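Notes follow once the structure below has been shown.
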Amino acid sequence: CDPGFYGSECKSNCSPNCYQTGSICNSTEGNCLGCKPGFYGFNCTMPCSSNCKDSVYSICEINSGNCTNCNSGIYGANCTTPCPTNCKDAICDINYGICIKCSNSNYGENCKASCSYNCDTNSAGARICDSEYGRCLNGCRSGFVGLDCVTGELL
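Quick note, the numbering used here runs 10 ahead of the 1-based positions in the sequence shown.
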């Protein structure tokens with residue numbers, strides 16, 4: 011068949027959303043060999059989720075429709091699940107939702123632990139600690155000592 015057509019007599023048109031990579035669609039069954047950005051499925055007629063990340067179009071896998079990347083702050087196959095609030099800048103792993111970095115007030119596995127209440131605050135009034143171990147980065151409140159400021163008592 012000529013490019014853009016399929017079928018036993020080559021008279022059926024390929025989907026307009028097929029992406030041309032040599033031949034546009036399978037000459038026998040008409041399934042697209044690739045989709046234009048923003049579409050997926052057998053004939054590339056299903057739109058990708060608007061939460062899939064791309065500069066102009068939503069990009070997703072041709073067969074499943076799963077996003078290949080998500081807009082900031084969301085994750086999952088269709089980019090519909092919000093990243094945990096403890097993630098810095100709401101950025102997390104696209105597949106599992108694990109924080110890439112912790113917000114300033116959290117640390118530990120998936121940033122679930124809060125910095126010690128005894129950490130001294132910064133000029134904005136936030137307690138900031140090391141995202142891996144919870145060490146206070148601005149020192150301790152008066153009366154407390156140690157890396158995580160748990161030793162001592164308020165005077």
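Every residue, glycine too, gets a C-beta built ideally from N, C-alpha and C. Here the structure is a predicted model, which means the values were calculated and not measured.
Tell me whether Gly48 counts as near the ligand SAM, meaning its Cβ is closer than 7 angstroms to at least one heavy atom of that ligand. By its list of ligands, the structure shown contains no ligand whatsoever, and the ligand SAM lies outside what it can speak to.
Separation of Asn120 from Leu147, as counted between CA atoms: As a position in the sequence shown, residue 147 is number 137, starting the count at 1. As a position in the sequence shown, residue 120 is number 110, starting the count at 1. Using only the alpha carbons, I get a separation of about 19 angstroms.
Which of the three DSSP states is assigned to Cys54 in this structure? On the sequence shown, residue 54 is found 44 positions in, with the first residue counted as 1. Reduced to three states, the DSSP call for Cys54 is coil.
If I measure Cβ to Cβ from Gly166 and keep anything under 7 angstroms in the same chain, skipping five residues before and after, which residues do I get? The first residue shown for the chain is 11 and the last is 165, placing residue 166 beyond what the model contains.
Nearest to Tyr106 by alpha carbon, out of Phe52, Asn114, Asn132, Gly83? For the purposes of this step, residue 106 is taken as the residue at position 96 of the sequence shown. Checked all of Phe52, Asn114, Asn132, Gly83; the closest Cα to Tyr106 is Gly83.
Would you identify the three-state DSSP class for Ala136, choosing helix, strand or coil? Within the sequence shown, residue 136 is the residue found at index 126, counting from 1. It is coil, neither helix nor strand.
Figure out for me which residue from Asn96, Gly149, Phe15 has the closest Cα to the Cα of Cys42. Mapped onto the sequence shown, residue 42 falls at position 32. When only C-alpha atoms are compared, the closest one is Phe15.
Give me the DSSP bridge partner(s) of Ala123. Within the sequence shown, numbered from 1, the residue matching residue 123 stands at position 113. Beta-bridge pairing links Ala123 to Tyr117.
I think Ser59 touches Asn88, with their Cβ atoms under 8 angstroms apart; what is that distance to the nearest whole Å? The residue labelled residue 59 in the question sits at position 49 within the sequence shown. The residue labelled residue 88 in the question sits at position 78 within the sequence shown. So it is a contact: roughly 5 angstroms between Cβ atoms.
Outcome for Gly17 when other beta-carbon atoms lying within 10 angstroms are tallied against a minimum of 16: Position 7 of the sequence shown, counting from 1, holds the residue named residue 17. With fewer than 16 Cβ atoms within 10 Å of its Cβ, Gly17 is classed as exposed.
Presumed contact (8 angstroms Cβ cut-off) between Cys112 and Lys98, rounded CB distance: Locating residue 112 in the sequence shown gives position 102, counting from the first residue. Locating residue 98 in the sequence shown gives position 88, counting from the first residue. The Cβ separation is near 6 angstroms, so the contact holds.
Cys54 vs Cys80 beta-carbon contact at 8 angstroms: Stepping through the sequence shown from its first residue, residue 54 is reached at position 44. Stepping through the sequence shown from its first residue, residue 80 is reached at position 70. In this structure, Cys80 does not lie closer than 8 angstroms to Cys54 by Cβ.
Tell me whether Tyr50 is buried or exposed, calling it buried when 16 or more other Cβ atoms sit within 10 Å of its Cβ. Taking the sequence shown and counting its residues from 1, the one referred to as residue 50 is at position 40. That one is buried.
For Asn36, I'd like the list of residues in its chain whose CB is within less than 7 angstroms of its CB, leaving aside the five on either flank, ordered along the chain. Residue 36 sits at position 26 when you count from the first residue of the sequence shown. For Asn36, where only same-chain residues beyond five positions count, the Cβ hits under 7 angstroms are Tyr16, Leu43.
Just list the residues that DSSP pairs Tyr16 with in beta bridges. Position 6 of the sequence shown, counting from 1, holds the residue named residue 16. In DSSP, Tyr16 forms a bridge with Ser22.
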